[in-house]
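Novice: I have a structure here, written as C-alpha cells, and I will follow up with some questions on it.
4 protein chains.
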Amino acid sequence: MLSEYRLKRRVQFYETDAAGIVHFSCFFRYMEEAEHALWREAGLNIHEAGRGIGFPRVATSFEFHRPLRFADEFEVCLRIVGLSRKTIRYSCLLTLDGAKIATGTLVVTCVRYGPNDELASTEIPREIADRFAVASDAARDEPSQPASVEP
Amino acid sequence: MLSEYRLKRRVQFYETDAAGIVHFSCFFRYMEEAEHALWREAGLNIHEAGRGIGFPRVATSFEFHRPLRFADEFEVCLRIVGLSRKTIRYSCLLTLDGAKIATGTLVVTCVRYGPNDELASTEIPREIADRFAVASDAARDEPSQPASVEP
Amino acid sequence: MLSEYRLKRRVQFYETDAAGIVHFSCFFRYMEEAEHALWREAGLNIHEAGRGIGFPRVATSFEFHRPLRFADEFEVCLRIVGLSRKTIRYSCLLTLDGAKIATGTLVVTCVRYGPNDELASTEIPREIADRFAVASDAARDEPSQPASVEP
Amino acid sequence: MLSEYRLKRRVQFYETDAAGIVHFSCFFRYMEEAEHALWREAGLNIHEAGRGIGFPRVATSFEFHRPLRFADEFEVCLRIVGLSRKTIRYSCLLTLDGAKIATGTLVVTCVRYGPNDELASTEIPREIADRFAVASDAARDEPSQPASVEP
Numbered sequence: 001m002l003s004e005y006r007l008k009r010r011v012q013f014y015e016t017d018a019a020g021i022v023h024f025s026c027f028f029r030y031m032e033e034a035e036h037a038l039w040r041e042a043g044l045n046i047h048e049a050g051r052g053i054g055f056p057r058v059a060t061s062f063e064f065h066r067p068l069r070f071a072d073e074f075e076v077c078l079r080i081v082g083l084s085r086k087t088i089r090y091s092c093l094l095t096l097d098g099a100k101i102a103t104g105t106l107v108v109t110c111v112r113y114g115p116n117d118e119l120a121s122t123e124i125p126r127e128i129a130d131r132f133a134v135a136s137d138a139a140r141d142e143p144s145q146p147a148s149v150e151p
Numbered sequence: 152m153l154s155e156y157r158l159k160r161r162v163q164f165y166e167t168d169a170a171g172i173v174h175f176s177c178f179f180r181y182m183e184e185a186e187h188a189l190w191r192e193a194g195l196n197i198h199e200a201g202r203g204i205g206f207p208r209v210a211t212s213f214e215f216h217r218p219l220r221f222a223d224e225f226e227v228c229l230r231i232v233g234l235s236r237k238t239i240r241y242s243c244l245l246t247l248d249g250a251k252i253a254t255g256t257l258v259v260t261c262v263r264y265g266p267n268d269e270l271a272s273t274e275i276p277r278e279i280a281d282r283f284a285v286a287s288d289a290a291r292d293e294p295s296q297p298a299s300v301e302p
Numbered sequence: 303m304l305s306e307y308r309l310k311r312r313v314q315f316y317e318t319d320a321a322g323i324v325h326f327s328c329f330f331r332y333m334e335e336a337e338h339a340l341w342r343e344a345g346l347n348i349h350e351a352g353r354g355i356g357f358p359r360v361a362t363s364f365e366f367h368r369p370l371r372f373a374d375e376f377e378v379c380l381r382i383v384g385l386s387r388k389t390i391r392y393s394c395l396l397t398l399d400g401a402k403i404a405t406g407t408l409v410v411t412c413v414r415y416g417p418n419d420e421l422a423s424t425e426i427p428r429e430i431a432d433r434f435a436v437a438s439d440a441a442r443d444e445p446s447q448p449a450s451v452e453p
Numbered sequence: 454m455l456s457e458y459r460l461k462r463r464v465q466f467y468e469t470d471a472a473g474i475v476h477f478s479c480f481f482r483y484m485e486e487a488e489h490a491l492w493r494e495a496g497l498n499i500h501e502a503g504r505g506i507g508f509p510r511v512a513t514s515f516e517f518h519r520p521l522r523f524a525d526e527f528e529v530c531l532r533i534v535g536l537s538r539k540t541i542r543y544s545c546l547l548t549l550d551g552a553k554i555a556t557g558t559l560v561v562t563c564v565r566y567g568p569n570d571e572l573a574s575t576e577i578p579r580e581i582a583d584r585f586a587v588a589s590d591a592a593r594d595e596p597s598q599p600a601s602v603e604p
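Sequence order for the protein chains is A, B, C and D. Going by our numbering, the first sequence opens with residue 1, and the numbers climb by one from there. Going by our numbering, the second sequence opens with residue 152, and the numbers climb by one from there. Going by our numbering, the third sequence opens with residue 303, and the numbers climb by one from there. Going by our numbering, the fourth sequence opens with residue 454, and the numbers climb by one from there.
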C-alpha cells in the first residue's frame, strides 16, 4: 500500500511566463503529474478508457513561497492525507535544493460515467482503494489545515 | 474605483482533456484572465515592462461543482474581497447558463524587482490602489463561506 | 458557404514565456481557435460527442516574423485554401495593427472512430462539406508563396 | 560537438484533449524540450538571463502519422540538420515502441536584445556554435524536404 510519491522534475521553457517565473497554473499540473506517477507505481492507471469510472478534481489549492525559473530541477512530494469511501485527499510540497517553493492540496472523488457523460458519485473500487493508505504522518504534513484532514 | 469584472469566455478545444472536460488547471487561467481584464478596465496593465514592480500570486484555490466542456460559453465573475497596503484578495465565481460551475480565490502581493530578479515585498503604488475598492458585499461573497456565494 | 474567418484575440499572460513574448506553440492554438470559430459561424461543431467522426490534424506549420507580447490585440485571418473529399487545407495570417506577425498552414482530415478508438479515413459528410468553399483568392494567399500573402 | 539528442518522455494528462489524444500543439513543446536537453548536454543554457542574446523560433512544422494517448511513453529524436552563422535547423522524429508518430522541423536564429526589447539578428557566439555540428546523416533524416537543407 502506497502513501507517497517523490517526483523529480525540471521546469520547461513553455511553463515560464513574461515575469520570468513558472506560471502559477503549472503548479497544479506538477501536482497532478506526481499523483499519476503514484498511481502508476501502485500498478494503476487513473484514466483508463472504457473502465466507466473517473476521478474528477473537486477542490485544490496552492500557496506559493518562492518562484521557480527555467531549467530549475525541483522535487514534488505528494502524500495521501485522507482516504474515504469515495474521496482521496492529497497534500503536496514542492522544494528546490531543499528550500520550500510551494504547498498544495488536492481532493478527488470517484464518479461513474452515465449514458450522456453524466457523472454520478460512486465508491472507489476495492482493487484501487486497497493499493493506497493514508501517510502515517499525514496530520503533521498537511500544509495549511491539519484539523480538517478527513476522518 | 472598480471592484468587480464579469468576463464572457468560451471553452477552447486545447483546454479540454481526455476525460472530455476542461482540465482543472485552466480554471486558474480563466480567473487570471478576468483579473487582467479588471485591471485593463481600470486603465492599468498588471505586467508593464520596465515598471520594476509586479504582482506575483501568493495563494489560490478552486472548488469544482460541475464540469465545463468544449465550446461552452461561461461567465467568470471576479470580485475584490480584500485590499491592504501590499495585497489584493479576489474571489471568483464561474457560471454556465446561471448554474454554478466553480468558485475560486486568489491572493496577489506587490513586489519590487531587485538587481538579480530578487523579489522584495513593497506597497501597492497609490496610482494603482486608488483605482480599486473592496466589493461592498464582499463578505457575503467570500467563497470560503460557500452557502452565501449565490444570492 | 464560408471560406474565411477573422478572429480578434488578445494575448493572455499565461501564453507568454520568459523571453517576454508569446511561446511559439500558442500560435497553433490561435489558428485552431479561428478554425473552430469558422465552423461555428457555419453552424457546425467540429468536435461533437457521439457523432462518430473527427478531424485530426495531419500537418501544420508556422513562420514567425515578429513577436507578440502580453496584452497585444491581434487578428487571425484563417482561409480555406483546399477542400477535397477527405481533407481541408487552411492558411492563416496573424497581424498586429496591420503588421504581419506570422503565417501558418493547417491540414485536417476526416476520420471515423472505430470500436477501439481506431481512426479510419473517411469522406467529409456532405452536410459539413456543403458549408465550406475554397477562398476565391486562395492561390494568392497560400503562405508558401509569402510575397503574395498581403495585398 | 553534439548533433543529436534522444529524449524519453511520457504523455501527461493535461496534454490530452477531448478527442482522447495529445493536442497537436504539444508536439512543438516536446520538440523544444529535446532541443533544450541537447543544449544542456552540450553544457549550455539556451535561455540565460542577462546574456543579452536569444534564439527565437523562425519556422516550424509537424506532420502527424499516429496519435499519442495518455501515459504513452514515447521517444523524441532531435537532430541538427543545418548550422549557419546565425541559424540552427533541427529535424525531429517522434516514435512510440518503434512506430513513427510524427516528424517535425524547427529553425531558430540568434538575436541580440536591444534597449526596448528590440530583436536584432546577430551571429551565434563561437562558444555556442563550437559545441554543435550537423548530423552526418542529416540529409537522409530530414523528414520532408531533404533538398532544402541549409547549404
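Backbone N, C-alpha and C fix where the C-beta goes; we use that ideal spot for every residue, glycine too. Please read these numbers as outputs of a predicted model, since none were measured by experiment.
Rounded to a whole number of angstroms, what is the C-alpha to C-alpha distance between Val560/D and Leu309/C?
Specialist: Locating residue 560/D in the fourth sequence gives position 107, where the first residue counts as 1. Locating residue 309/C in the third sequence gives position 7, where the first residue counts as 1. Each residue's alpha carbon lies about 27 Å from the other.
Novice: Identify each residue in the stretch 314-326 of chain C for which the Cβ-Cβ distance to at least one residue of chain B is less than 8 Å, and report them in chain order.
Specialist: Residues Gln314, Phe315, Tyr316, Gly322.
Novice: For Arg391/C and Val262/B, I'd like the C-alpha separation in whole angstroms.
Specialist: Taking the third sequence and counting its residues from 1, one reaches residue 391/C at position 89. Taking the second sequence and counting its residues from 1, one reaches residue 262/B at position 111. Distance between the alpha carbons of Arg391/C and Val262/B is about 48 Å.
Novice: Compare the C-beta of Phe515/D with all C-beta atoms of chain C and state if any pair is closer than 8 Å.
Specialist: The count along the fourth sequence starts at 1 and reaches residue 515/D at position 62. So, interface residue.
Novice: Identify every residue that forms a DSSP beta bridge with Tyr165/B.
Specialist: Taking the second sequence and counting its residues from 1, one reaches residue 165/B at position 14. In DSSP, Tyr165/B forms no bridge with anything.
Novice: Taking the C-alpha atoms as reference points, what is the distance between Gly384/C and Arg428/C?
Specialist: Here residue 384/C refers to the residue found at position 82 when the third sequence is read from its first residue. Here residue 428/C refers to the residue found at position 126 when the third sequence is read from its first residue. Whole-angstrom Cα-Cα distance: 16 Å.
Novice: Taking 7 Å as the limit between beta carbons, can you name the residues of its chain near Arg85/A, skipping five residues before and five after?
Specialist: By 1-based counting over the first sequence, the position of residue 85/A is 85. Around Arg85/A: Glu123, Ile124.
Novice: Does DSSP put Leu370/C in a helix, in a strand, or in coil?
Specialist: Start at 1 with the first residue of the third sequence, and residue 370/C comes out as number 68. Three-state result, Leu370/C: coil.
Novice: List the endpoints of the continuous alpha helix (DSSP H) containing Ala253/B.
Specialist: Reading the second sequence from its first residue, position 102 is the one you call residue 253/B. Taken as a continuous stretch (DSSP letters only), Ala253/B belongs to no alpha helix (DSSP H), being part of the beta strand (DSSP E) at 250-260.
Novice: Classify Ala472/D: buried if its beta carbon has 16 or more other beta carbons within 10 angstroms, exposed otherwise.
Specialist: On the fourth sequence, position 19 is the one that residue 472/D refers to. Ala472/D should be labelled buried.
Novice: Given that a residue counts as buried once 16 or more other Cβ atoms are within 10 Å of its Cβ, and exposed if not, what is Gly345/C?
Specialist: Mapped onto the third sequence, residue 345/C falls at position 43. Classification of Gly345/C: exposed, given that the 10 Å Cβ count is below 16.
Novice: Applying the 10 Å Cβ sphere with the 16-neighbour rule, what's the burial state of His395/D?
Specialist: Shown here, chain D extends from 454 to 604; a query on residue 395/D therefore has no answer.
Novice: What is the rounded straight-line gap between the Cα of Glu457/D and the Cα of Asp590/D?
Specialist: Residue 457/D sits at position 4 when you count from the first residue of the fourth sequence. Residue 590/D sits at position 137 when you count from the first residue of the fourth sequence. Whole-angstrom Cα-Cα distance: 11 Å.
Novice: Cβ closer than 8 Å: which chain C residues qualify as neighbours of Arg180/B?
Specialist: In the second sequence, counting from the first residue as 1, residue 180/B sits at position 29. Near Arg180/B (Cβ distances below 8 Å), the residues of chain C are Gln314, Tyr316.
Novice: Just confirm the distance between the C-beta atoms of Ile21/A and Leu93/A, as a whole number of angstroms; I'd bet it's less than 8 Å.
Specialist: Here residue 21/A refers to the residue found at position 21 of the first sequence. Here residue 93/A refers to the residue found at position 93 of the first sequence. Wrong, their Cβ atoms sit about 18 Å apart, outside the cutoff.
Novice: Please compile the residues from chain B whose C-beta is within a distance smaller than 8 Å of the C-beta of Pro152/A.
Specialist: Nothing about residue 152/A can be read from this structure; chain A reaches only from 1 to 151.
Novice: Along the stretch 508-535 of chain D, what residues have a CB closer than 7 Å to any CB found in chain A?
Specialist: The residues in question are Phe523, Ala524.
Novice: Here's the rule: buried if 16 or more other CB atoms are within 10 angstroms of the residue's CB, otherwise exposed. What is Ala120/A?
Specialist: Working through the first sequence from its first residue, we reach residue 120/A at position 120. Answer is exposed; the Cβ neighbour count stays below 16.
Novice: Cα-Cα, which of Gly505/D, Asp470/D, Glu485/D is closest to Ile533/D?
Specialist: If you number the fourth sequence from 1, residue 533/D lands on position 80. The option with the nearest alpha carbon to Ile533/D is Glu485/D.
Novice: Skipping 5 residues on each side, what residues in its chain have a beta carbon closer than 8 Å to that of Ser53/A?
Specialist: In the first sequence, counting from the first residue as 1, residue 53/A sits at position 53. The residue asked about is misnamed: residue 53/A is Ile in this sequence, not Ser. These residues qualify, in order along the chain: Cys110, Val111, Arg112, Tyr113, Thr122, Pro125.
Novice: DSSP state of Phe508/D, grouped into three classes?
Specialist: Locating residue 508/D in the fourth sequence gives position 55, where the first residue counts as 1. Three-state DSSP puts Phe508/D in coil, outside helix and strand.
Novice: What's the call for Glu317/C, buried or exposed, on a 16-neighbour Cβ count within 10 Å?
Specialist: On the third sequence, residue 317/C is found 15 positions in, with the first residue counted as 1. The residue in question, Glu317/C, is buried, as its Cβ has 16 or more Cβ neighbours within 10 Å.
Novice: Leaving aside the five residues before and after Ala588/D along the sequence, list all residues of the same chain whose C-beta is less than 8 Å from its C-beta, in chain order.
Specialist: If you number the fourth sequence from 1, residue 588/D lands on position 135. Contacts found: Ser456, Glu457, Arg532, Ile533, Val534, Asp594.
Novice: Interface residues of chain D around Ala250/B at Cβ under 9 Å?
Specialist: One-based indexing of the second sequence puts residue 250/B at position 99. Per Cβ cutoff of 9 Å: no residues; Ala250/B is ~20 Å from chain D at best.
Novice: By the criterion of Cβ-Cβ separation under 8 Å, what are the contact partners of Ala49/A in chain C?
Specialist: Reading the first sequence from its first residue, position 49 is the one you call residue 49/A. Asp419, listed in chain order.
Novice: List the residues of chain C whose Cβ lies closer than 7 Å to the Cβ of Glu184/B, in chain order.
Specialist: The count along the second sequence starts at 1 and reaches residue 184/B at position 33. Going along chain C in sequence order, the residues near Glu184/B (Cβ under 7 Å) are Gln314.
Novice: Can you name, in chain order, every residue of its own chain whose Cβ lies under 6 Å from the Cβ of Ala586/D, other than the five neighbours on each side?
Specialist: Looking up residue 586/D in the fourth sequence gives position 133. These residues qualify, in order along the chain: Met454, Ser456.
Novice: Pick from Asn116/A, Glu75/A, Ile128/A: whose alpha carbon is nearest that of Arg353/C?
Specialist: Translated into the one-based positions of the third sequence, residue 353/C becomes position 51. Comparing Cα positions, the closest option is Asn116/A.
Novice: In this structure, does DSSP put Asp443/C in helix, strand or coil?
Specialist: Working through the third sequence from its first residue, we reach residue 443/C at position 141. Interpretation of Asp443/C is limited by its pLDDT of 49, a score under 50 that renders its predicted location unreliable; the figure taken from the coordinates is listed afterwards. Three-state DSSP puts Asp443/C in a helix.
Novice: In the DSSP output, which residue or residues are listed as bridge partners for Tyr113/A?
Specialist: Stepping through the first sequence from its first residue, residue 113/A is reached at position 113. Beta-bridge pairing links Tyr113/A to Leu119/A.
Novice: Distance, Cα to Cα, Thr558/D vs Gly98/A?
Specialist: Position 105 of the fourth sequence, counting from 1, holds the residue named residue 558/D. Position 98 of the first sequence, counting from 1, holds the residue named residue 98/A. Approximately 38 Å, taken between the alpha carbons.
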